[in-house]
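Chemist: In the working numbering, the protein residues as written are 384 to 492. Got a structure for you, written out below as structure tokens; questions coming shortly.
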């Protein structure tokens with residue numbers, strides 16, 4: 384390992400989190416679509432009795448970062464289930480819904 388790698392590993396990333404962003408956004412419905420160059424993650428709120436979901440946040444990421452997000456989510460779900468127990472999916476036979484504004488919505492035919 385050279386000195387440059389040692390210096391990079393010793394540094395910590397500083398993250399600025401404004402009070403407005405720190406509040407977070409509640410979401411209970413997610414829509415994921417993609418093109419050849421990006422993934423679009425729409426986070427929405429779906430209220431009971433209302434046939435329309437409201438998108439509260441949209442995140443656009445590169446395919447490489449989509450893989451990193453997938454790995455991070457998998458790791459965190461495993462750790463969560465070790466600490467709190469298995470997550471109840473309520474209806475394990477329900478297939479994910481796909482809404483694809485472009486691309487094929489991540490569903491392979």
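Yeah, the Cβ is synthetic: ideal placement off N, Cα and C, and Gly gets one too. Fair warning: this is a prediction, and the values are worked out from it, not measured in the lab.
(1) Quick one: what's residue 453 bridged to in DSSP?
(2) Just checking my contact of residue 426 with residue 440 at CB under 8 Å: how many whole Å lie between their CB atoms?
(3) Along the chain, where does the beta strand (DSSP E) that runs through residue 427 open and close?
(4) Would you be able to state if there are at least three C-beta pairs under 8 Å between the stretch 460-468 and the stretch 434-451?
(5) Apply the 10 Å Cβ neighbour rule to residue 418 and answer buried if 16 or more other Cβ atoms are within range, or exposed otherwise.
(6) Which one of 460, 428 and 451 has the shortest CA to CA distance from residue 412?
(7) Out of 469, 435 and 446, which one is the CA nearest neighbour of residue 420?
(8) Could you pull the start and end residues of the alpha helix (DSSP H) that residue 404 belongs to?
(9) Please report how far the alpha carbon of residue 455 lies from the alpha carbon of residue 435, in whole angstroms.
Modeler: For this structure:
(1) Counted from its first residue, the chain shown places residue 453 at position 70. Partner(s): none; residue 453 has no beta bridge.
(2) Against the chain shown, residue 426 aligns to sequence position 43. Against the chain shown, residue 440 aligns to sequence position 57. Yes, residue 426 and residue 440 are in contact; Cβ-Cβ is about 4 Å, under 8 Å.
(3) In the chain shown, counting from the first residue as 1, residue 427 sits at position 44. Its beta strand (DSSP E) spans residues 422-428.
(4) Output reads no: the stretch 460-468 does not touch the stretch 434-451.
(5) Stepping through the chain shown from its first residue, residue 418 is reached at position 35. Exposed is the call here.
(6) Indexing the chain shown from 1 puts residue 412 at position 29. Of the candidates 460, 428 and 451, the one whose C-alpha sits nearest the C-alpha of residue 412 is 428.
(7) Residue mapping note: residue 420 aligns to position 37 of the chain shown, counting from 1. Residue 446 is the option with its Cα nearest to residue 420.
(8) Locating residue 404 in the chain shown gives position 21, counting from the first residue. Residues 402-405.
(9) Here residue 455 is taken as the residue at index 72 of the chain shown, counted from 1. Here residue 435 is taken as the residue at index 52 of the chain shown, counted from 1. Spanning the two alpha carbons is a distance of roughly 30 Å.
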